[in-house]
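A.B. asks: Residue numbers (the numbering used here), protein chains in the order written: chain A, 264 to 794; chain B, 9 to 119. Yeah, the Cβ is synthetic: ideal placement off N, Cα and C, and Gly gets one too.
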């Protein structure tokens, strides 16, 4: 037990940050209130640095029996902290803006009851702690509580993200559907518990292995697993729980939308991986067990195909940039599920890499939207982006690079992520699935190229001329940092891939890391002209 | 010790509890999808949570294992947190439109 606490130090550290921020947010001195986001960045940076130091071999050896994937935390926590820092930059100057302006100009007095910036960042950090806790989950209680810790703060974040009524409507929709999905997930967990008689994940794995050896999983376990998958598909915005995404993403402020598309999705993906790990992919539970049980495989297949297809078709019909990105978020979840279906040997590493890639690309896209405004209101429509190049060239280039990366244009980050996922799919024998995904990628080019063409090629319209950038510089910094990530991370892709491969040690030695190192070395660094 | 006893109480077996809990889940789901009053919709999600809780306790008794009951205590905590959040959000919306109907709120939709 004490050994496990070592791995919780990043979470405990961030929780200390939560306490500090909640006090700082209520301070009377304006300087201290303004320093809140910088303190958040500081806490996240320290958590990022200490995480790899904690995962030493001798400590891992002590807990290895109790955890399904002992190394999962190292990679995930570092990714979450790094993207959390960018998301924090994006949120600077978002909350309490009219109030702080009034206080600064002396028109209003500071009233601790009316400020909510401190609370926003408290919920922000708590949600990140939730994701980090998911990877330490060793039983169902922990898994459920960590998932709820990820979700519950996001409902509040959506509601307070901007003063418009849209945000409140989005928060209520998000909350009600989230509560419903959580109940279905929980019922699935109850059935899994009933089928095995234990809530500890490793013991569940052994129980399932026994059942499989005795002629297949019992029906209770299958129904429970399917219900749990359906419930958690809400968190990863997959069919059948995807329909809220467009409304909620449109209603929340761009910074929060970027958060929603990365943080709960990561938590949900990890939960799916952990749950499926108990059932086991091909050869995982030992000889005689061939792949995922058929009903679970079929469910995942249908979720995967429908998610990709409906996401891409939905995105084609949108005129709002945020709704378009919401549907694109759905489609990308579908791509990631290919890796989940492919299994631990290659697929899970690909999913983990894609989570990082998608987190960076998605934050870049929303950072551009979040850095622009018209009369203090965020821009939403695609038409607002027309001719962005003429007035905000750097942001237009960021948007263009991001759109190319989201399509999967080589040699950008999104291309590597997709390549790795699809190769895992082919290697695991799911060729049909990969073909559907390729067709979907082709469809997606149609709408992503609008995100590229409108800012770069179209002429500014009278409405898009009135757009200015936000007065604080941080959202633009976030856009720049993520764009550099989209262009620059492929250069160290070999190292990132081997980091994600280290998460799941399988007997099978994968040659993919070496291939990537070679292919990346061949690439001349021609795309280094970051904006 | 109560847990060690495997004799069904008053002839109730696991199936009875499972029937109750699955009925609660289905009633909650149908209510959630058909009712438009936000408080009632929230109560329906609570019903679904409690369905899971009943299933947990019944299975815990069936397997003579306390972890199901431990789980339920945590479920109750989460349910309480959700209730606090739900009421805060509903009050927020009620102040704007003075109605509890979910249909009054449809600014966000496909265009």
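1) From this set, A/271, A/459, A/672 and A/309, which residue's C-alpha is nearest residue 318 of chain A's C-alpha?
2) Shortest alpha-carbon distance to residue 416 of chain A belongs to which of A/477, A/527, A/466 and A/313?
3) Please confirm whether residue 19 of chain B has its beta-carbon closer than 9 Å to some beta-carbon of chain A.
4) In its own chain, which residues sit with a C-beta less than 6 Å from the C-beta of residue 425 of chain A, not counting the 5 before and 5 after it?
5) Between residue 510 of chain A and chain B, is there a C-beta pair that is closer than 9 Å?
6) How long is the line joining the alpha carbons of residue 387 of chain A and residue 290 of chain A, rounded to whole angstroms?
7) Between the region 477 to 488 of chain A and the region 83 to 98 of chain B, do three or more beta carbon pairs fall short of 8 Å?
8) With a CB to CB cut of under 7 Å and the five nearest residues on each side skipped, what residues in its chain are close to residue 299 of chain A?
9) Pick helix, strand or coil for residue 643 of chain A, following the three-state DSSP scheme.
10) Tell me which residue opens and which closes the alpha helix (DSSP H) that residue 274 of chain A is part of.
11) I'd like the list of long-range same chain contacts for residue 273 of chain A, defined as Cβ closer than 8 Å, with 5 residues on each side in sequence excluded.
12) Within 10 angstroms of its Cβ, does residue 755 of chain A collect 16 or more other Cβ (buried), or is it exposed?
13) Please name the residue, chosen from B/71, B/81, B/46 and B/48, that lies closest to residue 60 of chain B on a Cα-to-Cα basis.
14) For the region 710 to 730 of chain A against the region 660 to 668 of chain A, do three or more pairs of beta-carbon atoms, one drawn from each stretch, fall closer than 8 Å, so that the two count as touching?
15) What does the Cβ neighbour count give for residue 375 of chain A, buried or exposed, with the cut at 16 atoms within 10 Å?
16) May I have a chain-ordered list of the alpha helix (DSSP H) segments no shorter than 4 residues that lie completely inside the region 692 to 779 of chain A?
17) Closer than 9 Å, CB to CB, is residue 111 of chain B near chain A or not?
18) Which residues in the same chain as residue 543 of chain A place their Cβ atom closer than 8 Å to its Cβ, once the five residues preceding and following it in sequence are excluded?
19) Let me see if you follow: with CB-CB separation under 9 Å, is residue 24 of chain B close to chain A or not?
20) Which two residues bound the contiguous beta strand (DSSP E) that contains residue 635 of chain A?
21) Using a Cβ-Cβ cut-off of less than 9 Å, list which residues of the region 60 to 79 of chain B approach chain A; keep chain order.
22) For residue 23 of chain B, write down the residues that DSSP places opposite it in a beta bridge.
23) What residues are listed by DSSP as bridge partners for residue 257 of chain A?
24) Quick one: is residue 35 of chain B near chain A, going by C-beta distance under 9 Å?
25) Less than 9 Å separating the beta-carbons of residue 444 of chain A and residue 495 of chain A?
26) Can you tell me the Cα-Cα spacing of residue 569 of chain A and residue 305 of chain A, whole angstroms?
27) Residue 565 of chain A versus chain B: which residues are under 9 Å apart at the beta carbon?
28) Indicate the three-state DSSP secondary structure (helix, strand or coil) for residue 402 of chain A in the structure shown.
29) So with Cβ pairs under 9 Å, would you call residue 83 of chain B a contact of chain A?
30) Going along chain B in order, which residues have a C-beta closer than 8 Å to the C-beta of residue 408 of chain A?
31) Would you mind giving the Cβ-Cβ distance between residue 601 of chain A and residue 688 of chain A, rounded to the nearest angstrom? I have them listed as a contact below 8 Å.
32) Would you give the residue range spanned by the alpha helix (DSSP H) that residue 382 of chain A belongs to?
33) In the structure shown, what three-state DSSP assignment does residue 349 of chain A receive?
34) For residue 463 of chain A, which three-state DSSP category applies?
35) So, is residue 113 of chain B buried or exposed, given that buried needs 16 or more other C-beta atoms within 10 angstroms?
36) Which one or two residues does DSSP pair with residue 45 of chain B in a beta bridge?
C.D. replies: This is what the structure gives:
1) Nearest to residue 318 of chain A by C-alpha distance, out of A/271, A/459, A/672 and A/309, is A/271.
2) Taking residue 416 of chain A as reference, the option from A/477, A/527, A/466 and A/313 with the minimal CA-CA separation is A/527.
3) Output row for residue 19 of chain B: interface = no.
4) If you ignore the 5 residues before and after residue 425 of chain A, its C-beta comes within less than 6 Å of the C-beta of 516, all in its own chain and listed in chain order.
5) For residue 510 of chain A, the answer is yes, since a Cβ of chain B falls inside 9 Å of its Cβ.
6) C-alpha separation (whole angstroms): 19 Å.
7) Judged by Cβ distances under 8 Å, the region 477 to 488 of chain A makes no contact with the region 83 to 98 of chain B, as fewer than three pairs qualify.
8) Once the five neighbours on either side are set aside, the close Cβ partners of residue 299 of chain A are 284, 287, 288, 380, 381 and 384.
9) Correct three-state label for residue 643 of chain A: coil.
10) 272 to 287 is the extent of the alpha helix (DSSP H) around residue 274 of chain A.
11) For residue 273 of chain A, where only same-chain residues beyond five positions count, the Cβ hits under 8 Å are 310, 313, 314, 317, 340, 344 and 395.
12) By the 16-neighbour rule on beta-carbons within 10 angstroms, residue 755 of chain A is exposed.
13) Of B/71, B/81, B/46 and B/48, the residue nearest in Cα terms is B/81.
14) The region 710 to 730 of chain A is in contact with the region 660 to 668 of chain A.
15) Within 10 angstroms of the beta-carbon of residue 375 of chain A lie fewer than 16 other beta-carbons, which makes it exposed.
16) Qualifying alpha helix (DSSP H) stretches, in chain order: 694 to 719, 725 to 728, 737 to 751 and 756 to 766.
17) It does not: the Cβ of residue 111 of chain B has no partner Cβ on chain A nearer than 9 Å.
18) 468, 471, 472, 475, 552 and 555, listed in sequence order.
19) Not one beta carbon of chain A lies nearer than 9 Å to the beta carbon of residue 24 of chain B.
20) For residue 635 of chain A, the enclosing beta strand (DSSP E) stretches over residues 635 to 637.
21) If the cut-off is 9 Å between Cβ atoms, the region 60 to 79 of chain B has 60, 61, 62, 63, 64, 66, 67, 68, 70, 71, 72, 73, 75, 76, 78 and 79 near chain A.
22) Its beta-bridge partners do not exist; DSSP assigns none.
23) With chain A represented from 264 up to 794, any question about residue 257 of chain A goes unanswered, as that position is not in the structure.
24) Closer than 9 Å: no.
25) Yes, these two residues count as a Cβ contact at 9 Å.
26) Answer to the nearest angstrom: the Cα atoms are 41 Å apart.
27) Residues of chain B passing the Cβ test: none, with the nearest at roughly 20 Å.
28) Three-state result, residue 402 of chain A: strand.
29) Closer than 9 Å to the CB of residue 83 of chain B there is at least one CB belonging to chain A.
30) Near residue 408 of chain A (Cβ distances below 8 Å), the residues of chain B are 82 and 86.
31) About 4 Å separates the beta carbons of residue 601 of chain A and residue 688 of chain A, which is inside the 8 Å limit, making them a contact pair.
32) For residue 382 of chain A, the enclosing alpha helix (DSSP H) has its first and last residue at 380 to 397.
33) Correct three-state label for residue 349 of chain A: helix.
34) Reduced to three states, the DSSP call for residue 463 of chain A is strand.
35) Buried, because 16 or more other Cβ atoms sit within 10 Å of the Cβ of residue 113 of chain B.
36) Partner(s): B/109.
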